[in-house]
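So the number in the numbering used here is just where the residue sits in the sequence shown, counting from 1, plus 628.
Note that the Cβ used here is the ideal one computed from N, Cα and C, for glycine as well.
The structure displayed is predicted, hence computed values, not measured ones.
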Amino acid sequence: MSVSVDLAHGGRWTSLRVEGREWLWFRDDPARFSPGSEFVDAGGLEECCPTVRGEPDHGAVWSRPWSASGVVTPDFELRRAFRPVGDAVEVDYRLSASPGYRFVWAAHALLDVSTDARLVAPAGTPTRLYDPVRTVEWPAGLDRLGPDDGTALGAILACSSVRVVDGSSLRFRVEADGQPTSVALWRNLRGWPAGDPYRSIGVEPMLGRVFDRAEGDTAVVPDSGTCEWRLTVSA
């Protein structure tokens, strides 16, 4: 497994390759490369922190240049370190901020998968759907990632690990002692945006169990002033 990143453009992952297969989806959008531009789906894997929805849109770190070790904002410092482990990659994160600081972090991965792809998670996992907000039990008909049917929805699964199956498979797992973990699903089957819809599938390991940190159920920086977690991506 190999990973490439673009430090100048928000530390975004520009490649996630396993045995010759590129798992990340991309689309051309020059707006993403204009300073101060609004967030649009350009693909890859974006680091979203301290929120996904809300202000600032998709967080404060995707729009800043990173150093090799991380990024600094007015409210917090986020560090990450990659480590290959066999057929997996582990990414260790460390956020430093004032004790009590509340945040959401998401590895906003947009995946290049076919209409036969499935998302595998523990049956019965509480799953929060949005627009309107309601809770169902996984899979609730959401595990199939195609065929395209003109719908789009966001969901958050209250579990720490999922697997994407599309011929081969890819597993995401997030671990964080004492913090709420989850995995978000963006299931856009050519239902968004209105007028010019396209297909995009997001599988997003998270700290917190909401898209907007204003909703509550977020990660919280402890008295030590630091919060640490690990993302593992494995074949």
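Item to complete: Can you grab the Cα-Cα spacing for the pair Gly671 / Arg655, in whole Å?
Response: Whole-angstrom Cα-Cα distance: 6 Å.
Worksheet item: Is DSSP giving His637 helix, strand or coil here?
Response: DSSP places His637 in helix when its eight states are reduced to three.
Discussion item. Is it buried or exposed, Gly698, if we count other Cβ atoms within 10 angstroms and call 16 or more buried?
Written reply: Gly698 comes out buried.
Worksheet item: Do the stretch 632 to 650 and the stretch 675 to 691 make contact, defined as three or more Cβ pairs closer than 8 Å?
Response: yes
Worksheet item: Between Thr701 and the rest of its own chain, which residues show a CB-CB distance below 6 Å, the 5 nearest in sequence each way excluded?
Response: Ala688
Worksheet item: Just the Cα atoms here: how many angstroms apart are Leu770 and Arg756?
Response: When rounded, the separation of the alpha-carbon atoms in Leu770 and Arg756 is 12 Å.
Practice prompt. Please list, in chain order, all residues of the same chain as Asp794 whose beta carbon is under 6 Å from its beta carbon, the five residues on each side excluded.
Written response: Val741, Ser742 and Ala745
Worksheet item: To which residues does DSSP link Phe667 through a beta bridge?
Response: Within the DSSP bridge table, the entry for Phe667 names no partner.
Worksheet item: Where do the ends of the beta strand (DSSP E) carrying Asp794 lie?
Response: Ser789 to Asp794
Worksheet item: Would DSSP call Glu647 helix, strand or coil?
Response: In the three-state DSSP reduction, Glu647 falls in the coil class, being neither helix nor strand.
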